[in-house]
Amino acid sequence: KVVDDEMKMLAEKSCYEHPVHSMIIEVNDPIWEGYFTTTELNEIKSFRLKDLPNIPEEVEEYLNKYNKNWKSGKELYEYADDQKHDPITQFNFKWIRESIMRASELFFYKDTLNLNGLSESDLLHEVWPFIYRIFRDREIKACLGERSSAAVALGRNEDRCLEAVERRSRKAIGAKVDILFKICKEELGSCEVGKDNITIVDDKYFDDGLVKLPKTLRNMLSLLTQKNPAQVNNLSTAGFLLRGLLWNFTLSTFAVDFLPLLEAAWKGKEVMKNNVETLNNRKRKVAELNAITKDISASLPYSFVRNSCN
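According to this note's numbering, the residues represented by the sequence shown are 1 to 310, in order.
1. Look at the alpha carbon of F206 and the alpha carbon of K84, and state the distance between them as a whole number of angstroms.
2. Buried or exposed: R284, going by 16 or more other Cβ atoms within 10 Å of its Cβ?
3. If E263 sits next to I55, beta carbons under 8 Å apart, how far is it from one beta carbon to the other, in whole angstroms?
4. Any idea if V165 is buried or exposed, counting beta-carbon neighbours within 10 angstroms, 16 or more meaning buried?
5. Going by CA-CA distance only, name the one from F93, A238, M9 that's closest to I31.
6. Between the region 18-29 and the region 206-218, do at least 3 Cβ pairs fall closer than 8 Å?
7. Grouping DSSP H, G and I as helix and E and B as strand, with all else coil, what is S303?
8. Do you know how far the Cα of L123 is from the Cα of R136?
9. Determine the extent of the beta strand (DSSP E) in which V177 is found, giving its start and end residues.
10. Between the region 160-175 and the region 250-258, are three or more C-beta pairs nearer than 8 Å?
11. Is it buried or exposed, F304, if we count other Cβ atoms within 10 angstroms and call 16 or more buried?
12. What is the rounded straight-line gap between the Cα of S149 and the Cα of K71?
13. Start and end of the beta strand (DSSP E) containing A11?
14. Do the region 138-156 and the region 105-117 make contact, defined as three or more Cβ pairs closer than 8 Å?
15. With which residues is S148 paired in a DSSP beta bridge?
16. Could you name the residues of the same chain whose beta carbon sits closer than 6 Å to that of F93, not counting the 5 residues immediately before and after it, in chain order?
17. Rounded to whole angstroms, how far is the Cβ of I100 from the Cβ of L118, which I believe are closer than 8 Å?
18. So, with DSSP's three-state summary, where would you put G268?
19. Kindly indicate the opening and closing residues of the beta strand (DSSP E) around E158.
20. Whole angstroms is fine: what's the gap from T278's alpha carbon to N234's?
21. Using CA atoms only, rank isn't needed, just tell me which of L49, M220, E98, L115 is closest to R156.
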């Protein structure tokens, strides 16, 4: 089978917007089971798969210090509190220590974590703060609070121009994300947070996890490739999808449940840092007058815009 042909088939059949219209294929979307076998889906998932950065040995060794069976949240808190690190030269250790101390506080009065009733904001700041606090070294900025993505706004307004025959269209705003990761003006990734009762069959997961987040990341990637088209196959963006239901673990399983989350956050940050290096790896251009119209379309188009004329 040719993957593009199967994607085109679904796009032509669709009566509603689907990520396939943005040339996005999420192999975990059950709809693809009607187009590909399990073997084919696994092959698609592994094709030209970008490897995540490896965790440094010293960081892995430090994480293993907390890979124990803890009797209480207080015991874990006090153990982490006894660790001392240079806040600048040992930032990763400091971040791990503080993240574990905050997480252990959730188990002070009960060994089982109960997320019922917590809002998305509560979850982000009480349960998931390690996701944005890893960026406190200021290399990359984690912008909180329903931030609008400039990349999405540019994609939605790609055809906006001076009025001539028809009135100028209103400017569309970008998608608002729970966390926007950026360095200077370059957007490198985003994060969406779901409440404790969100499952993989809820509309919130479908809308944010399978549509909004991947389309936002694609728009960011499209804008980055415009800055350095030669690196189109090497650039990437990073996204975090946080759902409270996945964190229903107990203190007895803390090491196997929480430490991998810290590893994932660290790797996500490293992906963004590597992306900045790749973006800056470009050759000097010869200055030219803008006298001849050239094909200036992005090598990677923006995501599909609903009700677009294209």
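The beta-carbon is built from N, C-alpha and C at its ideal position, and this holds for glycine as well.
Per the coordinate set shown:
1. Here residue 206 is taken as the residue at index 206 of the sequence shown, counted from 1. Here residue 84 is taken as the residue at index 84 of the sequence shown, counted from 1. About 43 Å.
2. Position 284 of the sequence shown, counting from 1, holds the residue named residue 284. Exposed.
3. One-based indexing of the sequence shown puts residue 263 at position 263. One-based indexing of the sequence shown puts residue 55 at position 55. Contact holds; Cβ gap of about 6 Å.
4. Reading the sequence shown from its first residue, position 165 is the one you call residue 165. It is exposed - the Cβ of V165 has fewer than 16 other Cβ atoms within 10 Å.
5. As a position in the sequence shown, residue 31 is number 31, starting the count at 1. It is M9.
6. yes
7. Along the sequence shown, read from residue 1 onward, the residue named residue 303 stands at position 303. In this structure, S303 counts as coil in the three-state DSSP scheme.
8. As a first step, residue 136 is located in the sequence shown; it is residue number 136 there, counting from the start. As a first step, residue 123 is located in the sequence shown; it is residue number 123 there, counting from the start. Approximately 19 Å between the Cα atoms of the pair.
9. One-based indexing of the sequence shown puts residue 177 at position 177. Going by DSSP, V177 is part of the beta strand (DSSP E) stretching over 176-183.
10. no
11. Walking along the sequence shown from the start, residue 304 turns up at place 304. F304 comes out buried.
12. Within the sequence shown, numbered from 1, the residue matching residue 149 stands at position 149. Within the sequence shown, numbered from 1, the residue matching residue 71 stands at position 71. In a straight line, the C-alpha of S149 is about 44 Å away from that of K71.
13. As a working mapping, residue 11 is identified with position 11 in the sequence shown. No beta strand (DSSP E) holds A11; the alpha helix (DSSP H) holding it covers 3-13.
14. no
15. Translated into the one-based positions of the sequence shown, residue 148 becomes position 148. S148 is bridged to K176.
16. Here the question's residue 93 lines up with position 93 in the sequence shown. Excluding residues within five positions, the ones whose Cβ falls inside 6 Å are Y62, H85.
17. By 1-based counting over the sequence shown, the position of residue 100 is 100. By 1-based counting over the sequence shown, the position of residue 118 is 118. 20 Å between Cβ atoms; not a contact.
18. Against the sequence shown, residue 268 aligns to sequence position 268. Here G268 sits in helix by DSSP.
19. What you label residue 158 is simply residue 158 of the sequence shown in a count that begins at 1. Note, E158: premise wrong, no beta strand (DSSP E); not H, not E.
20. Within the sequence shown, residue 278 is the residue found at index 278, counting from 1. Within the sequence shown, residue 234 is the residue found at index 234, counting from 1. C-alpha separation (whole angstroms): 7 Å.
21. Here residue 156 is taken as the residue at index 156 of the sequence shown, counted from 1. Here the closest residue by C-alpha is M220.
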